[in-house]
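Chemist: Positions in the sequence shown are counted from 1; adding 233 to them yields the numbering used here.
No residue lacks a Cβ here, since even glycine has one placed at the ideal position from N, Cα and C.
This one's a predicted model, so the numbers in the text were calculated from it and none came from an experiment.
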Amino acid sequence: MREFDWIARYFRPLTLGYESALNLQDDAALISVPDGQQLVITTDTLIEGVHFLVDTAPADIARKALAVNLSDLAAMGAAPYAYSLALSIPKNTTDEWIKSYSDALHAMQNMYGCFLLGGDSIASPAGISITITAYGLVNHGAALTRSAGVAGDALYVTGTIGDGFLGLHALENHHAAPELIARYLYPHARIAIAQQLAPNIHACMDISDGLMQDLGHICAASDVGAAIGLHDVPLSDAAHDYIHQHRIPLTSLCSGGDDYELLFSAPSHARIPNAIDGVAITKIGELTSDKIMRVFDENNQLIVLDKKGYQHF
Ligand SMILES: [Mg+2]
234 MREFDWIARY
244 FRPLTLGYES
254 ALNLQDDAAL
264 ISVPDGQQLV
274 ITTDTLIEGV
284 HFLVDTAPAD
294 IARKALAVNL
304 SDLAAMGAAP
314 YAYSLALSIP
324 KNTTDEWIKS
334 YSDALHAMQN
344 MYGCFLLGGD
354 SIASPAGISI
364 TITAYGLVNH
374 GAALTRSAGV
384 AGDALYVTGT
394 IGDGFLGLHA
404 LENHHAAPEL
414 IARYLYPHAR
424 IAIAQQLAPN
434 IHACMDISDG
444 LMQDLGHICA
454 ASDVGAAIGL
464 HDVPLSDAAH
474 DYIHQHRIPL
484 TSLCSGGDDY
494 ELLFSAPSHA
504 RIPNAIDGVA
514 ITKIGELTSD
524 KIMRVFDENN
534 QLIVLDKKGY
544 QHF
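#1: Just to confirm my understanding: we take R245, look at its own chain, exclude 5 residues before and 5 after, and list those with CB closer than 8 Å. What are they?
#2: Who does V283 pair with in a DSSP beta bridge?
#3: Nearest to G382 by alpha carbon, out of I451, R416 and C347?
#4: What residues match up with Q534 in a beta bridge as DSSP calls it?
#5: Provide the residue span of the alpha helix (DSSP H) that contains K332, from first to last.
#6: Please work out which residues of its chain come closer than 6 Å, Cβ to Cβ, to I461, disregarding the five sequence neighbours upstream and downstream, and give them in chain order.
#7: If distances are taken between C-alpha atoms only, which option among S522, S488, G269 and R504 comes closest to G374?
#8: For A472, which option in L496, G397, A376 and D336 has the closest C-alpha, if you only look at C-alpha atoms?
#9: Within 7 Å: the Cβ of A308 and any heavy atom of ligand 1?
#10: Could you give the DSSP three-state label for A262: helix, strand or coil?
#11: Grouping DSSP H, G and I as helix and E and B as strand, with all else coil, what is R527?
#12: For A315, report the span of its beta strand (DSSP E) as first-last.
#13: Which residue from I514, V301 and G385 puts its Cα closest to that of Y345?
#14: Just to confirm before moving on: does the CB-CB distance between Y316 and I365 stay below 8 Å?
#15: With H, G and I counted as helix, E and B as strand and the rest as coil, what does DSSP make of G462?
#16: With distance defined between alpha-carbon atoms, name the residue in H284, I414, G443 and I363 nearest to V466.
#17: For a quick check, are the C-beta atoms of L388 and L272 less than 8 Å apart?
#18: I believe L393 touches L468 by the beta-carbon criterion, under 8 Å. Please report the beta-carbon distance rounded to the nearest angstrom.
#19: Take D523 as the anchor and find which of Y475, S455 and S485 has the nearest alpha-carbon.
#20: Using a 10 Å radius around the Cβ and a threshold of 16 neighbouring Cβ atoms, would you call K297 buried or exposed?
#21: For I363, report the span of its alpha helix (DSSP H) as first-last.
#22: Any chance the segment 470–487 sits against the segment 336–355, with 3 or more Cβ pairs inside 8 Å?
#23: By Cβ distance, which residues of its chain are closer than 7 Å to L299, with the 5 residues on each side in sequence left out?
#24: Ends of the beta strand (DSSP E) at E412?
#25: Using 7 Å as the cut-off, classify the Cβ of D439 as near or not near the heavy atoms of ligand 1, replying yes or no.
#26: Report the option in L247, A409, T289 and L306 whose CA atom is closest to the CA atom of D336.
#27: Nearest CA to the CA of S304: which residue from S380, N533 and I440?
#28: Taking all protein chains shown into account, do 16 or more other C-beta atoms lie within 10 angstroms of the C-beta of H502, making it buried, or fewer, making it exposed?
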């Protein structure tokens, strides 16, 4: 592997000349946190065959690896600042692969306003593995957390639920569903939306492992329960068509992963807009004091879900 050539040609330009990256010439980066702000740090690893399919294009891997990390910054109400990258790739990885990968990172940086701080690359004996650590900034004390939910809060989600899960289903089963596949491959981090909502909301997280499982995390952290209406969960037109065509139960969309939408609670009197920047914001239920999670169908009958979401182990 031509690690030092790659750093000079493909990765050093991604520092955009920011001083904290020290031109990728030192053993570590150096971050000065502006007065009155806190550093928000998150790490996510993506592994070939687990988080993306074998033979996924390098640009698609790069976009997803950075987006899922930025989505975690969004969940905390933070603005992206920088990221570091650990890249484990097979020995025979080509220059073209690295170029395409770094070009996609560059485009993502421009979109979200961040730069590369540092990282590492390793020759992997088996498949590709990408670890990105993202650093964000938030005003002191203003970070959103999962534990700030209060019984009686209304529960909301941004965007639509289940598209990423169905996109993966379409890829794996060779079904034509370009919109859903795009949602699976190119998740959006809801950075600007979270920052706009932040002053008016309580608990917040991003949905990565499935709506129900992630709602369980808010309930556990906030020591509350929740009641949601299955038919209040917003679906895209493409998802509606797809589940009808392939007879996929609505409940599986609430346990599928890869949404990367925000799930948040807000006081019932808070004024939450119906949409921000063209992304819908939909009330799906409320937090309850009885510490039980309940899902109701359109006739207000309790539904039993068999699987909560994506399990890591
Ligand atoms: Mg998350």
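Modeler: Let me spell this out:
#1: Spatial neighbours of R245 in its own chain (CB-CB distance under 8 Å, excluding positions within 5 residues in sequence) are listed in chain order as N256 and L257.
#2: Per DSSP, none; premise fails for V283.
#3: Closest by alpha carbon: I451.
#4: None; Q534 has no bridge partner.
#5: D328 to Y345 is the span of the alpha helix (DSSP H), which, as asked, contains K332.
#6: If we look at I461 and ignore the five residues flanking it on each side, its Cβ neighbours are I517, G518 and V528.
#7: Restricting attention to S522, S488, G269 and R504, the CA atom closest to the CA of G374 is found in G269.
#8: Nearest in C-alpha terms to A472, of all of L496, G397, A376 and D336, is G397.
#9: Answer for A308: yes, Cβ within range of ligand 1.
#10: If DSSP states are grouped into helix, strand and coil, A262 belongs with coil.
#11: Note: R527 maps to strand in three-state DSSP.
#12: Note, A315: beta strand (DSSP E), A312 to I322.
#13: Here the closest residue by C-alpha is V301.
#14: Taking 8 Å as the Cβ cut-off, Y316 and I365 qualify as a contacting pair.
#15: Looking at G462 - three-state DSSP - the assignment turns out to be strand.
#16: It is G443 whose Cα lies nearest to the Cα of V466.
#17: No. Outside cutoff.
#18: Per the sequence shown, residue 393 should be read as Thr rather than Leu. Yes, they are in contact, since the Cβ atoms of T393 and L468 sit about 6 Å apart, within 8 Å.
#19: Closest in C-alpha terms to D523, from the list Y475, S455 and S485, comes S455.
#20: Classification of K297: buried, given that the 10 Å Cβ count is 16 or more.
#21: I363: not part of any alpha helix (DSSP H); member of the beta strand (DSSP E) spanning S362 to N372, first to last residue.
#22: Contact between the segment 470–487 and the segment 336–355 is absent: fewer than 3 CB-CB pairs across the two stretches fall below 8 Å.
#23: Excluding residues within five positions, the ones whose Cβ falls inside 7 Å are Y316, L338, M341 and I365.
#24: Element bounds for E412: not the beta strand (DSSP E) but the alpha helix (DSSP H), P411 to L418.
#25: Yes, the beta carbon of D439 sits closer than 7 Å to at least one heavy atom of ligand 1.
#26: For D336, the nearest C-alpha among the options comes from L247.
#27: Among S380, N533 and I440, the Cα nearest to that of S304 belongs to I440.
#28: Result: exposed.
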